[in-house]
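Colleague: Sending over a structure as structure tokens; questions will come in a sec.
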Amino acid sequence: MGHSLPYLSFSPLPQVCALLSGGKYAEKVVGLAGQLLSVPEGVSLTDAAGLPEVACTIWSTAWRIILIHCGSSGIGTFAIQIAKQLGIKVFVTVGTRMDSMEEVAFSNVGQLQESTHCALGPT
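Taking my numbering, the leading residue of the sequence shown gets 8, the next gets one more, and so forth.
Pasting the structure below:
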């Protein structure tokens, strides 16, 4: 990304993150322009490193309903926000952090116990 290539929509040397096959994590990698996402201003590269994996998981949801386990985790809260923006009906499980779901104005929450099983029937 050191040169400005006409077919790239990125200016030279932007901060980007990518979802690359093979589990790469490095400061410099080779990838296709279509695999890159601009890192928004104010988002650290450390935080941005996890965005593509979560975003692709939610984006590829086959149905319009999703169950997200560990909803109070960093990945879980990000997944909830993306799914809500896409209009997907979201159900969430959490361990002991039920109060954190109130922070994201979320109501379809179940608290997991050791013997808890989750099921979702037809809507």
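Beta carbons are placed, not taken as given, at the ideal position from N, Cα and C, and that holds for glycine.
Have a look at S28 and T53 and give me their C-alpha separation to the nearest angstrom.
Modeller: Approximately 19 angstroms, taken between the alpha carbons.
Colleague: Please classify G78 as buried or exposed, where buried requires at least 16 neighbouring CB atoms within 10 angstroms.
Modeller: Label assigned to G78: buried.
Colleague: What does DSSP give as the partner residue(s) for S45 in the beta ladder?
Modeller: The partner list for S45 (beta bridge, DSSP) reads V23.
Colleague: Suppose the cutoff is 7 angstroms on Cβ atoms and the five residues either side in sequence are ignored; what does the same chain contact list for Q22 look like?
Modeller: So the qualifying residues of the chain are V46, L52.
Colleague: For G128, which of helix, strand or coil comes out of DSSP?
Modeller: Residue confidence for G128 is low, a pLDDT of 40 falling below 50, so the modelled location carries little weight; the figure read from the coordinates is stated next. Correct three-state label for G128: coil.
Colleague: If contacts are defined as beta-carbon pairs under 8 angstroms, then G81 and I75 qualify, I think. What distance do you get, rounded to the angstrom?
Modeller: Contact flag wrong, Cβ pair sits at about 12 angstroms.
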